[in-house]
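Input: a single structure, listed below in structure tokens.
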Amino acid sequence: MSIVQTSSTIKVDVSGAVENPGVYEVDSDSRAEDAVLKAGGFSEKANLEYVSKSLNLAQKISDGQKIYVPFEGESAPARAQVAGVDISSKIGINSASSSQLEALPGIGPVSAKKIIDNRPYQDVSDLLNRKVIGKSVFEKIKEKIDLN
656 MSIVQTSSTI KVDVSGAVEN PGVYEVDSDS RAEDAVLKAG GFSEKANLEY VSKSLNLAQK
716 ISDGQKIYVP FEGESAPARA QVAGVDISSK IGINSASSSQ LEALPGIGPV SAKKIIDNRP
776 YQDVSDLLNR KVIGKSVFEK IKEKIDLN
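Residue 656 is where the sequence shown starts when you use the working numbering, and the numbers rise one by one after that.
Below, the structure written as structure tokens:
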């Protein structure tokens, strides 16, 4: 008797200058490039300079992630796309991946690991109360995070 291992799937929202924007189901080990290809690839109106400089197509994606490809003449909102992670909406400190947390100002790999290792949080101020991050970093990110 052989055991067949199936990979789980996740959903990712691909929008902007792609051929077929929408929500797509991809394998859980997919990369940003896989999601963009699932959406038909870049449209002719994609800002390819931005894509080549700022969008990390090799980054692993997570369930519920949004990937936005700006149109020509459009630049993404400040820090909205860091390594393919959309942070124009708030980052959930109880569920975000390390790369999503690292997209926040002042959060590097070590701080991201500490945030993940100290989960779950009842309030965003727990980051300070538990001495997971310092006050100056907390002040930079408090408006960009939530519990989800």
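Beta carbons: idealized from backbone N, C-alpha and C, even for Gly.
Among the options, nearest to residue i - alpha-carbon criterion
i: PRO760; options: ASP772, LYS745, LEU802; result: LYS745
i: LEU698; options: GLY719, GLY671, VAL678, TYR679; result: Checking the displayed sequence, the identity of residue 698 turns out to be Ser instead of Leu. The shortest Cα separation from SER698 among GLY719, GLY671, VAL678, TYR679 belongs to GLY671.
i: GLU876; options: VAL765, GLY747, TYR776, ARG774; result: Shown here, the chain extends from 656 to 803; a query on residue 876 therefore has no answer.
i: SER663; options: GLU674, PRO676, GLU680; result: GLU680
i: LYS666; options: ASP718, ALA758, GLY728; result: ASP718
i: ALA694; options: SER752, VAL669, ILE800; result: VAL669
i: SER709; options: ALA758, PRO775, TYR776; result: ALA758
i: ALA751; options: TYR776, GLY728, VAL673; result: TYR776
Assumed close pair residue i, residue j - CB separation to whole angstroms, cut-off 8 angstroms
i: PRO725; j: ASN749; result: In fact, because the Cβ distance is near 30 angstroms, the residues do not count as touching under 8 angstroms.
i: LEU802; j: PHE793; result: Going by Cβ atoms, the distance from LEU802 to PHE793 rounds to 15 angstroms, so no, they are not a contact pair.
For residue j and residue i, the rounded distance between their alpha carbons
i: LEU692; j: ALA767; result: 29 angstroms
i: GLY650; j: LYS700; result: Only positions 656 to 803 of the chain appear in the structure, and residue 650 is not among them; the question remains open.
i: VAL779; j: ILE770; result: 11 angstroms
i: SER754; j: GLN720; result: 12 angstroms
i: VAL740; j: SER791; result: With a pLDDT of 49 at VAL740, under the threshold of 50, the predicted position of this residue should be treated as unreliable, though the coordinate-derived value follows. Near 23 angstroms, if we compare the C-alpha coordinates of SER791 and VAL740.
i: LYS786; j: ALA690; result: 37 angstroms
i: ASN675; j: ILE722; result: 13 angstroms
i: ASN784; j: ILE796; result: 15 angstroms
i: VAL706; j: GLY763; result: 23 angstroms
i: ILE800; j: GLY696; result: 31 angstroms
i: VAL673; j: ASP682; result: 20 angstroms
i: GLY728; j: LEU756; result: 29 angstroms
Buried or exposed by the 16-neighbour rule on C-beta atoms within 10 Å, applied to residue i
i: VAL678; result: exposed
i: GLU704; result: exposed
i: VAL765; result: exposed
i: ASP772; result: exposed
Could you tell me whether the region 680-690 touches the region 707-722, where touching means 3 or more Cβ pairs closer than 8 angstroms?
yes
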